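Numbering (the working numbering), first residue to last: 5 to 476. For every residue, glycine included, the Cβ atom is placed at its ideal position computed from N, Cα and C. Small disclaimer: the values here were computed from a predicted structure and weren't measured. Please read the structure below before turning to the comments.
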Ligand SMILES: C[S@@+](CC[C@H](N)C(=O)[O-])C[C@H]1O[C@@H](n2cnc3c(N)ncnc32)[C@H](O)[C@@H]1O
C-alpha cells in the first residue's frame, strides 16, 4: 500500500459548473490543495444552489465531489449509459446532486428518513414544474394572512410520541405550525408536498425553543431567549423562494447531460443490509462517501424534531431501531453491553482498544470500558462495510472515503489507517491515503462527554482513503 502520495494527480483545478455557481453567488471558495482536492468543508455548500437547502453535518462540499468526478472520469463519454456513482451514506445528497448535475447515474443509501427525504427532494428538484409550485406559495401566503387575522382550528395535532425537555414550540408558534402542516398535507402532488416538507424541516428549529450548537440544545441552555412569537409561515416562504430561485437557476443554466431518464435513486435504507440486493443489476463505477465519523455525533437525536413533526417516525422504538442500525452505533447504545468482540484482526487496533478499556475502569460504562465498546462497534461496522463495498463495485471500480481521526479518552485512533487495513483484509486494493485537511487540536469529542480524556497533543485531520476492486 502506498501512503500519502497524491493519487489524484490529474485533478481539474476548476470546472465550468463551479465557476458558474460561484459567479452567481459571488462567494469565495477554498482552492484545491497541492494534492489537488479542495478542502472538503461543507461550509461551501451553504452558498451553492440546491446544496444549501438543508444544513447537515457532512464530510465535504460539492466542489470536492466535482474534483473527484473530474479525476476519475476525465472523459465522460456521451456514448452508452453514464457511469454509476454511489454514496452509501448519502446524508442530504451532496455527492448525488453534484454527480447528477454532471450527468452520471446516481444511487444513494441513507438510513435517516429525514436526510433521505431531503436527498430525494433535491435530486428531483431540477425536474419540478415551477408553474405548479409558485401558486402554492401564493396560496400559503394568502392562508397565513387569514390565520393571523382570525385564528384557525388546525386539523393537524402535535406528534404524540415527541418529548422535549421544554416545550418545543411556544403555544402561539405551535398553533401556526399546525396550520402550516394542514396546508402542506393538503398538497396533492407528492414531489411538491415533499419539497414543502423539507423546506419546513430545514427551518423549523429556527422558530422553536431549541437550537443547533451543533447538537440540538434548548435555547436557554445555550444562553439564548425563548421564542414566544414569530411569523413561522414567513420564514418558511422565504426558504421556499430560495428553493425556487435555485431550481430556476439550474433549469435556466442547463446542464447538457442532465436527463430525467438517467437513473437517480435514493434508498432510505441501511446500506450494509440492503445494498447487495438493491444494486444487483447496477455495478458501481465510483463510490464517494463520508461515513459517520467516530465522534458520536448523534444524527438520530439531532433530527428528532424533523422525524416526528414530518411524520417520519412516530415512536421511540423506531428511533432505537435507527440507532442500532446506524454505522458505528452510538456510545449511548453500546456502552453498557458486555465487552464487544472485535470482528477485525488488526492487532494494533486490538491493542489500542485494550488500552482504552483500562482507562477509568472504575467508571464502568462511562469510562474506558464503555468507550472501548463504542470503538469496537465502529470498526466492526467498518469491516462489514468494506465487505459489502467490494461486492457492489465493478471490477476496477473505485471507492473514496473521507474520514477523520478521533481522540477518545486521550487515545488517538487514526481511523484512515485502520480503514485501509480493514479494506485490504476484505480484499480491496488500497491505492492511497490522501490528506485533506488538519484542524485545531482538541476534538469536539474531547470537549464533550469524553472530555475527561487527557489531551495528547494530537492534531485532528481528515483524509480520503482510496480503494479499488481488482479486475478479477
Ligand atoms: C457524514 S454523513 C454524510 C453526509 C453527506 N456526505 C452529505 O454531504 O450530506 C453520514 C451519514 O450516514 C448515514 N448513515 C449512518 N449509518 C448508515 C447506514 N447503515 N446506511 C446508510 N446510511 C447511514 C447517517 O444518517 C448520516 O447522514
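* With respect to 6 Å, is the separation between the Cβ of residue 115 and the closest non-hydrogen atom of ligand 1 below this value? -> Checking the Cβ of residue 115 against ligand 1 gives yes.
* **Same chain only: Cβ atoms within 6 Å of residue 332, ignoring 5 sequence neighbours per side** => 296, 382, 385
* Would you say the stretch 116-125 touches the stretch 306-317, given that touching needs at least three Cβ pairs under 8 Å? -> yes
* To do: Quick one: using the 10 Å Cβ neighbour count with 16 as the cut-off for buried, is residue 452 buried or exposed?
  => Since pLDDT at residue 452 reaches only 39, below the 50 mark, its modelled position is unreliable, and no value is offered.
* **Cα-Cα separation, residue 396 to residue 287** => 6 Å
* If you measure from the CB of residue 78, is any heavy atom of ligand 1 nearer than 6 Å? -> no
* How do the stretch 158-171 and the stretch 87-103 stand: do at least 3 beta-carbon pairs fall below 8 Å, yes or no? -> no
* **Beta-carbon proximity check, residue 86 vs residue 107, cutoff 7 Å** => yes
* **residue 114 classed as buried or exposed, judged by whether at least 16 other C-beta atoms fall within 10 angstroms** => The residue is buried, with at least 16 neighbouring Cβ atoms inside 10 Å.
* Tell me whether residue 193 is buried or exposed, calling it buried when 16 or more other Cβ atoms sit within 10 Å of its Cβ. => exposed
* To do: Only counting runs of 3 or more residues, tell me where the beta strand (DSSP E) segments fall wholly within the stretch 357-441, in order along the chain.
  => 397-408, 410-412, 415-417
* Asked: Under three-state DSSP, which class holds residue 32?
  -> Any reading at residue 32 must be qualified, since the residue scores a pLDDT of 27, below 50, and its modelled position is unreliable; the value itself is stated next. In the structure shown, residue 32 sits in coil (DSSP, three-state: anything other than H, G, I, E or B).
* **Same chain, Cβ closer than 6 Å to residue 378, five either side skipped, listed in chain order** => Result list for residue 378: 335, 338, in chain order.
* Residues of its chain near residue 148, where Cβ-Cβ distance is below 6 Å and the 5 sequence neighbours each way are ignored -> 237
* Asked: Looking only at its own chain, which residues have a Cβ that is under 8 Å from the Cβ of residue 303, when we skip the five neighbours before and after it?
  -> Cβ neighbours of residue 303 beyond the five flanking positions: 61, 116, 119, 296, 330.
* Asked: Quick one: does residue 353 have its CB under 7 Å from some CB of chain C?
  -> Of the protein chains in this structure there is only one, and it is not chain C.
* Go ahead and label residue 133 buried or exposed: buried means 16 or more other beta carbons lie within 10 angstroms of its beta carbon, across all protein chains shown. => exposed
* To do: Measure the alpha-carbon distance for residue 230 versus residue 57 and round it to whole angstroms.
  => 25 Å
* Thinking just about the alpha-carbon of each residue, which of 419, 408, 327, 422 is nearest to the one in residue 64? -> 408
* In chain order, which beta strand (DSSP E) runs of at least 3 residues are fully inside the stretch 219-261? -> 220-222
* Asked: If you run the structure through DSSP and keep just helix, strand and coil, what is residue 298?
  -> coil
* **For residue 104, the first and last residue of its enclosing beta strand (DSSP E)** => Careful: residue 104 lies outside any beta strand (DSSP E), inside the alpha helix (DSSP H) at 98-105.
* **residue 216 in three-state terms, based on DSSP** => strand
* Asked: Can you tell me the Cα-Cα spacing of residue 362 and residue 373, whole angstroms?
  -> 7 Å
* Can you say whether residue 399 is buried or exposed, counting buried as having 16 or more other CB atoms within 10 angstroms of its CB? => exposed
* Just checking, does the stretch 126-146 make contact with the stretch 248-260 on the three C-beta pairs under 8 Å criterion? -> yes
* Consider the C-beta atom of residue 62 and the heavy atoms of ligand 1; say whether any pair is separated by less than 6 Å. => yes
* Look up residue 476 in the DSSP assignment and say whether it is helix, strand or coil. => coil
* Of the residues 468, 181, 217, the one placed nearest residue 422, counting alpha carbons only -> Taking only the C-alpha atoms, the option nearest residue 422 is 468.
* What do you reckon, is the C-beta of residue 294 under 6 Å from a heavy atom of ligand 1? -> yes
* Where does residue 177 fall in DSSP's three states? -> helix
* Say the cut is 6 Å; is the CB of residue 98 nearer than that to a heavy atom of ligand 1? -> yes
* Asked: Along the chain, where does the alpha helix (DSSP H) that runs through residue 202 open and close?
  -> Residues 194-207.
* **Simplified DSSP assignment, three categories, for residue 211** => helix
* Kindly give me the distance between the Cβ atoms of residue 291 and residue 426, rounded to whole angstroms, as I take these residues to be in contact under 8 Å. => With 8 Å as the limit, residue 291 and residue 426 do not qualify as a contact, their Cβ atoms being about 15 Å apart.
* Specify, as a first and last residue, the run of the beta strand (DSSP E) that residue 3 falls within. => With the chain running from 5 to 476 in the structure shown, residue 3 is simply not present.
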